[in-house]
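Residue numbers (our numbering): 395 to 874.
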């Protein structure tokens, strides 16, 4: 399984330039353990799935839209024909994953200065084949699609830690903001723990009753508060911590593919037509290309894979309209269709609160000072020399120089992870200096970018595949 983002940051005292290695321990804990190689692969790297049987864009069938958008009995909320029933989308306009003042993670080194590696990009990525996708849920006629997409992404993120997906409570997630009109779905949950679906199952009727009244609703159908007994019950068995939301600066096909190839699902918002009905053969259902969308038709979903063809890529949608939609809740969409209607994209990360049987180590937080050429271990936060390939250590480990992983991947934890680029440079916009090897990157960050830094320059390390330094409300972090 792929590693989640980890970070160790340290501040470099202005006198470090005059400090020899013998006194480095006074500035920060120096790791004296010998460099280790990672364990052998626990399982072979997943084989590349076969290309799905999908048509060229020019050969798409007519989408068969129904005349006129369907308004639900939920104020401004619109409904979409999904092939068997009317399913809800968002309300009151295009959805927004993060408000402008939100504290999601933003990269400190641009992709122009530090381009992502493209070597060994698979022709097909399908996280279902890797066994990391969570269950397909059904939001029914509740406009809680962002809660469904986010919790499905959290389920998948936990699978990258433990090898099996979580099953967190959509209702708990929704209860913290319960409004399809506000861009607070992510920020209301970021940094908080979540319990399991079994302790607070989703109820569309109750979910709609939690929405604020905007005028014209039937008495008793809105403005309710979450049931304190349910809140207390689900709080007794919380299993996941929602740690990070990385808003992607662009929604280009290559950006989405790199995130997917690195192991993450991508939450996207997009506009839908009046009918969003998959066509095609079983096992290769796809969304026909469409050009017209009604107003207020925003919908949030996951992207869980891609497949490259001569006329462009298809992306695999993980929807929240039940298993009768598409192929068990999934369908492919051509990149041209997606590009025309996508609004935003985000990568979510979460950590299990119980690490029994964990496939990778949990990072240690805390500020250290690494002297001279020493850099923080990307897990331990201790000071150590760079690995021979120019990467920081990852829990004392350097990537195996000869690995059974395919090109573009590296073994750090007994599994093949998407490698970082081999690069050195400086981002002239903010003065961040970086050095990267296949196992990750180490950074020197000016004090102005890190409020916790007590010296002039901070050091941070990020492992593959989340090798890019970023900043969120808690300080420095790592993203893909």
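Just so you know, even glycine gets a beta-carbon here, dropped at the ideal spot from N, CA and C.
The Cβ neighbour count for residue 453, taken over all protein chains shown within 10 Å, is under 16; the residue is labelled exposed. Within the segment 624-710, the alpha helix (DSSP H) runs of at least 4 residues that lie entirely inside it are, in chain order, 647-655. Residue 837 has 828 and 854 as its beta-bridge partners, per DSSP. Looking from the CA of residue 558, the closest CA among 482, 544 and 529 belongs to 529.
Taking a contact to require three or more Cβ pairs closer than 8 Å, the segment 619-629 and the segment 651-666 do not qualify as touching.
From the listed residues 531, 508, 745 and 661, the smallest Cα separation to residue 718 is found for 531. Within a 10 Å sphere around the beta-carbon of residue 820 sit fewer than 16 other beta-carbons, which makes this residue exposed.
For residue 745, there is no enclosing alpha helix (DSSP H); the residue is found in the beta strand (DSSP E) stretching over 736-746.
Counted as a single uninterrupted DSSP element, the alpha helix (DSSP H) harbouring residue 552 occupies residues 539-556. The C-beta separation of residue 633 from residue 747 comes to about 6 Å, placing the pair in contact by the 8 Å criterion. Residues of the same chain with a CB within less than 6 Å of the CB of residue 701, apart from the 5 flanking positions on each side, are 445, 446, 518 and 708 in chain order. Within its own chain, the residues whose Cβ lies closer than 8 Å to the Cβ of residue 597, once the five positions on either side in sequence are excluded, are 565, listed in chain order. Minimum Cα-Cα distance from residue 514 among the listed residues 536, 814 and 780 corresponds to 814. Residue 499 is positioned such that its CB atom lies closer than 7 Å to that of residue 873. When DSSP states are grouped into helix, strand and coil, residue 820 belongs to the strand group. The beta-carbon separation of residue 670 and residue 744, rounded to 28 Å, does not stay under the 8 Å limit for a contact. DSSP places residue 805 in the uninterrupted beta strand (DSSP E) bounded by 803-805.
Residue 532 sits in a strand when the DSSP states are folded into three classes. Residue 442 counts as exposed, since fewer than 16 other C-beta atoms from the protein chains shown sit within 10 angstroms of its C-beta. Between residue 533 and the set 544, 525 and 523, the nearest pair of CA atoms involves 544. Residue 564: member of the alpha helix (DSSP H) spanning 564-569, first to last residue. At least 7 Å separates the beta-carbon of residue 455 from that of residue 623. As the crow flies, the alpha-carbon of residue 427 is around 9 Å from that of residue 778. Annotation: the continuous alpha helix (DSSP H) that includes residue 601 extends over 598-603. Minimum Cα-Cα distance from residue 595 among the listed residues 571, 613, 581 and 567 corresponds to 567. In the same chain as residue 786, and ignoring 5 residues on each side of it, the C-beta atoms closer than 6 Å to its own belong to 769, 772, 834, 836 and 855, in chain order.
Pairing residue 547 with residue 796, the inter-Cα distance amounts to about 33 Å. The beta carbon of residue 510 is closer than 7 Å to those of 652 and 815 in its chain, skipping five residues each way along the sequence.
Partner residues in a beta bridge of residue 448, as assigned by DSSP, do not exist. In this chain, the beta strand (DSSP E) harbouring residue 865 covers 862-866.
With contacts defined by Cβ atoms closer than 7 Å, residue 696 and residue 659 form a contacting pair.
A distance below 7 Å between beta-carbons, with the five flanking residues on each side excluded, links residue 561 to the following residues of its chain, in chain order: 528, 529, 549, 590 and 591. Taking the C-beta atoms as reference points, residue 705 is found no nearer than 7 Å to residue 482. Distance from residue 812 to residue 657 at the Cβ level is roughly 7 Å; contact confirmed, criterion being Cβ atoms closer than 8 Å. Its chain contains 572 and 618 as the residues whose beta carbon lies nearer than 6 Å to that of residue 604, once the 5 sequence neighbours on both sides are disregarded; these appear in chain order.
Residue 686 is classed as exposed because its beta carbon has fewer than 16 other beta carbons within 10 Å across all chains shown.
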